[in-house]
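Asker: Let me give you the structure first, and then I'll get to my questions.
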Amino acid sequence: MSDSLAFSDATRGKIHTLLGRYPRKQGALIPVLYLAQDEFGWLRPEVMELVAKELELPVATVLATATFYTMLYKKPVGRFHVQICVNVSCYLLGSDELMSIAQETLGIAPGQTSSDGLFSLEAVQCLCACDRAPTLQINQTDYFKVKGADFRNVLTQMQTEGTRLGPRPGWLEFQGDHDHHAHADQEAPHA
Amino acid sequence: MPEQRILLRSHLGVDFTRLDDYIKHGGFAMWAKAQTLGPAGVTAEVKASGLRGRGGAGFPTGVKWGFLPNDGRTRYLVVNADEGEPGTFKDRYFLELDPFRQLEGILLACYAIGAHVSYIYIRGEYWNSKKVTQDAIDQLYAAGWLGKNIQGSGFDCDVYVHSGAGAYICGEETALIESIEGKPGMPRLKPPFPANYGAFGMPTIVNNTETLASVPVILEMGGQAWSDLGSPRNGGTKLVGVAGHVKNPGLFEVPMGTPMREIIYDLGGGILDDRAILAIIPGGSSCPFLTAEDLDVPMDFDSLKSKGSMLGTACITVMAEGLTDLLEVMRRITGFYEHESCGQCTPCRQGTGWLYAIADKMCKGQADESHIDLLISACNNIDGNTICAHGEAAAWPIRSIAKKFRPQLAAEIAKRAAARA
Ligand SMILES: Cc1cc2nc3c(=O)[nH]c(=O)nc-3n(C[C@H](O)[C@H](O)[C@H](O)COP(=O)(O)O)c2cc1C
Ligand code: SF4
Ligand code: FES
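So the sequence lines, in the order shown, correspond to chains V and B.
Counted from 1, the first sequence has number 143 at position 144 by numbering that gives the first Met the number 0; the numbering is strictly sequential.
Counted from 1, the second sequence has number 400 at position 401 by numbering that gives the first Met the number 0; the numbering is strictly sequential.
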């Protein structure tokens, strides 16, 4: 483990609060993994080791949990994580069109991250707002009853915004470690 | 209009995310009543109401509360707010727009069952729900409605939000418990049931968000009066949704037993372009499909069961004739169950993969009519052979489509194969 890797004081404080909520330290594992990925961008091996040390758990335990859940990132995601619902109600009301717009505008397929680290595109399962289909989520924001033209505008704005913000923390380490570019090796979820 | 709004009150234009406003509209009045009834009295009202679990299985809530062993161990209340069943959008209402209703229900339930800690397991993707619910919890601590010695009663209760992380299977109650313990969300073999061996090995009650949100209303009206709103053995009112090819999709509230036709046509506004209905999923994609012939079924647990389907989450998906590609619908549904299988049982892990592969072949023009039988036989091999109900949830809807829509499927399969050749 690189000696420099440590949680910020603010995160340490939050971990302390979380530990008070569960009778066993492992109860805090998922919330702590969320905190770790907020701080370091994604759960690279050294980050999981840090979490294991913090919670006094075997690294294998941390790995087993982290790998089970799709929202715990084992690879970096783009600055903007575009997740389009492709389940039944959204499909019935036009999610395929939204997916085409995203692919066209961003130049990546579902399951891919752009080589500049600014966008990830994903086909996701029902976001449970089917009465407002078609739906999508970008980072932590929901978009309901999405119209093609509006979506195109949102993406274009984010492209500008992304150039200013750059990729998420941890992106450069990933590039350095693996020299991956558009990493199409993630398994694309079924469309 | 068949609506009867008790739980749902978005039409009032009140900001129910503010504790002041919630209390102004009668919120937390039932805490005083609960103090006079005592824990057993609260449970008795819930039993009298006949309230059946709103998570989909419809198990009587009061009966479940009675299963906790009296052995002095710590007890937990775990709230299932992992809403993820495709087609469903009801718990979101409480989590985002009326968070204190659920929290009052949680406090009353904790009091009734003698739990002092409750975890609300909120679906990971529900960022806004997590924020609003946490904010409501913070308001309650500040006002002495949570924490130690609540309102001077001597009763302590802590409530924590625990976020999911993108695994549908964690909606299954024992997978959910594993997830709270920081483990992969793999369902446990039952028995032992959570009432005996739940979170951290302790006696635990798992209830759905809407189930708990119904508890304050039941205490207010009295169990029997609330029960009388619905149909026999299916008491009360119920949130229902309508989505898909309808003119006025949305979330509504009706007495249990309201005919599905009224929900789709009067509340949902009828079908786009006034088309005919091809298929209906009554309560999330785990339910066997219905057709227009079934429109007069009363929306309640027992009536839908008698039609060979389920009430499920009571959020209806409507598919119109001429606008629906059933093969593609099957591909979406099978893809979902394959993706979300936790992988511990072979019939589910392999079987859901088979279902997807067959549906995919059908869509691509690589199948013939015999694949319909293959689909049915794969469903039969999953059904009844798995640890949790995810296997059935994958098999039942697909088998129902294969059986009810065979001629349409066969024609479409042949058409695509011909187009490809
Ligand atoms: C695969 C699967 C997914 C489930 N998902 C949910 C869910 O998202 N929300 C829920 O309340 N219940 C869900 N359930 C049902 C729960 O296991 C459990 O019955 C319910 O939380 C009990 O609460 P209730 O009695 O108040 O309905 C699911 C069950 C299965 C088998
Ligand atoms: S039925 Fe499927 S989801 Fe349920 S325990 Fe078995 S493999 Fe996991
Ligand atoms: S199908 Fe897309 S939100 Fe439900």
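Backbone N, C-alpha and C define an ideal beta-carbon position, used for all residues, glycine too.
1) For the candidate residues V:L62, V:L97 and V:A51, whose alpha-carbon lies nearest to that of A5 of chain V?
2) Taking the alpha-carbon positions, what's the R78 of chain V to T112 of chain V distance?
3) Using beta carbons (cut-off 7 angstroms, strictly below), is V153 of chain V in contact with chain B?
4) Report buried or exposed for V158 of chain B, applying the criterion of at least 16 other Cβ atoms within 10 angstroms of its Cβ.
5) Taking DSSP as the reference, what is the three-state secondary structure of F15 of chain B?
6) Is the shortest distance between the beta-carbon of R11 of chain V and the beta-carbons of chain B less than 7 angstroms?
7) Does ligand 1 have even one heavy atom less than 6 angstroms from the beta-carbon of A56 of chain B?
8) Is Y355 of chain B closer than 7 angstroms to G321 of chain B when the C-beta atoms are compared?
9) So with Cβ pairs under 7 angstroms, would you call P22 of chain V a contact of chain B?
10) Looking at the unbroken beta strand (DSSP E) that takes in G249 of chain B, where does it start and where does it end?
11) Per the DSSP calculation, T69 of chain V is bridged to which residue(s)?
12) Could you tell me whether any Cβ in chain V is nearer than 7 angstroms to the Cβ of T173 of chain B?
13) Going by CA-CA distance only, name the one from B:V78, B:Q133 and B:G151 that's closest to Y120 of chain B.
14) Can you confirm whether A63 of chain V, when its beta carbon is compared against all beta carbons of chain B, has any partner nearer than 7 angstroms?
15) Using a Cβ-Cβ distance under 7 angstroms, would R331 of chain B count as near chain V?
16) DSSP three-state call for K237 of chain B: helix, strand or coil?
17) To the nearest angstrom, report how far apart E160 of chain V and A291 of chain B are at their CA atoms.
18) When you check each C-beta in the segment 62-88 of chain V against every C-beta of chain B, which residues fall closer than 7 angstroms?
19) In chain B, which residues lie less than 7 angstroms from Q25 of chain V when you measure between Cβ atoms?
20) Which residues, in order along the segment 31-46 of chain V, keep a beta-carbon less than 9 angstroms from a beta-carbon of chain B?
21) Pull up the distance between the alpha-carbon of V241 of chain B and that of A39 of chain B, whole angstroms please.
22) Run the proximity test for T134 of chain V: is its beta-carbon closer than 6 angstroms to any non-hydrogen atom belonging to ligand 3?
23) Can we count S285 of chain B as close to ligand 3, meaning its CB is less than 6 angstroms from some heavy atom?
24) Please report how far the alpha carbon of L228 of chain B lies from the alpha carbon of K304 of chain B, in whole angstroms.
25) Mind pulling the chain V residues with CB within less than 8 angstroms of T60 of chain B?
26) For R51 of chain B, list the residues DSSP reports as bridge partners.
27) What residues of chain V sit near N195 of chain B, judged by a beta carbon separation below 9 angstroms?
28) Can you confirm whether T312 of chain B, when its beta carbon is compared against all beta carbons of chain V, has any partner nearer than 7 angstroms?
29) If you count every other CB in all the chains shown that lies within 10 Å of the CB of F93 of chain B, and 16 or more means buried, which is it?
30) Nearest to K146 of chain V by alpha carbon, out of V:R167, V:E121, V:S99 and V:S7?
31) Answer yes or no: do P1 of chain B and T257 of chain B have a C-beta to C-beta separation smaller than 7 angstroms?
32) Assuming E180 of chain B contacts R187 of chain B under a Cβ cut-off of 8 angstroms, what Cβ separation, rounded to an integer in Å, is found between them?
33) Which two residues bound the contiguous alpha helix (DSSP H) that contains D333 of chain B?
34) Hey, which residues come within less than 6 angstroms of ligand 2, measuring from Cβ to any heavy atom, in chain order?
35) Could you tell me the distance, in whole angstroms, from the CA atom of I357 of chain B to the CA atom of P287 of chain B?
36) Please classify H115 of chain B: does DSSP put it in a helix, a strand, or coil?
Answerer: From the atom records:
1) Residue nearest to A5 of chain V within the set V:L62, V:L97 and V:A51 is V:A51 (criterion: CA-CA distance).
2) So the two alpha carbons sit approximately 10 angstroms from each other.
3) It does not; no Cβ of chain B falls within 7 angstroms.
4) When all chains shown are included, V158 of chain B counts as buried.
5) F15 of chain B falls in the coil class under three-state DSSP.
6) No, because no Cβ of chain B sits closer than 7 angstroms to the Cβ of R11 of chain V.
7) Result yes, Cβ under 6 angstroms from ligand 1.
8) Here G321 of chain B is not near Y355 of chain B, since their CB atoms are 7 angstroms or more apart.
9) When Cβ-Cβ separations below 7 angstroms define contact, P22 of chain V makes contact with chain B.
10) Counting along the chain, G249 of chain B sits inside the beta strand (DSSP E) bounded by residues G249 to P254.
11) The partner list for T69 of chain V (beta bridge, DSSP) is empty, contrary to what the question assumes.
12) No, T173 of chain B does not count as interfacial toward chain V.
13) For Y120 of chain B, the nearest C-alpha among the options comes from B:V78.
14) Yes, A63 of chain V counts as interfacial toward chain B.
15) Yes, R331 of chain B lies at the interface with chain V (some Cβ there is under 7 angstroms from its Cβ).
16) The DSSP-derived three-state label of K237 of chain B is strand.
17) Spanning the two alpha carbons is a distance of roughly 49 angstroms.
18) For the segment 62-88 of chain V, residues whose beta-carbon sits nearer than 7 angstroms to a beta-carbon of chain B comprise A63, T64, F67, Y68, T69, M70, L71, V85, N86, V87 and S88.
19) Taking a Cβ-Cβ cut-off of 7 angstroms, the neighbours of Q25 of chain V in chain B comprise E180 and G181, given in sequence order.
20) Those residues of the segment 31-46 of chain V that come within reach of chain B (Cβ to Cβ, closer than 9 angstroms) are V31, L32 and Y33.
21) Between V241 of chain B and A39 of chain B, the C-alpha separation is close to 37 angstroms.
22) Distances from the CB of T134 of chain V to the heavy atoms of ligand 3 include at least one below 6 angstroms.
23) Relative to the non-hydrogen atoms of ligand 3, the Cβ of S285 of chain B never comes closer than 6 angstroms to any of them.
24) Distance between the alpha carbons of L228 of chain B and K304 of chain B: 20 angstroms.
25) Taking the beta carbon of T60 of chain B as reference, no residue of chain V falls within 8 angstroms; the closest one sits roughly 22 angstroms away.
26) BP columns for R51 of chain B point to B:P59.
27) Contact note: N195 of chain B does not reach chain V at a C-beta cutoff of 9 angstroms; the least C-beta distance is about 17 angstroms.
28) For T312 of chain B, the answer is no, since every Cβ of chain V falls outside 7 angstroms of its Cβ.
29) Around the Cβ of F93 of chain B, a 10 Å sphere holds 16 or more other Cβ atoms; the residue is buried.
30) With distances taken between Cα atoms, K146 of chain V lies closest to V:S99.
31) Yes; because the gap between Cβ atoms is below 7 angstroms, this pair is in contact.
32) Between R187 of chain B and E180 of chain B the Cβ distance is about 11 angstroms, and since that is not below 8 angstroms, they are no contact.
33) Correcting the residue identity first, residue 333 of chain B is Thr in this sequence and not Asp. Run containing T333 of chain B: L325 to E339, per the alpha helix (DSSP H) assignment.
34) In chain order, the hits are B:I168, B:P186, B:S340, B:C341, B:G342, B:Q343, B:C344, B:C347, B:R348, B:T385, B:I386, B:C387, B:H389 and B:G390.
35) Cα to Cα, the separation comes out at about 19 angstroms.
36) DSSP places H115 of chain B in coil when its eight states are reduced to three.
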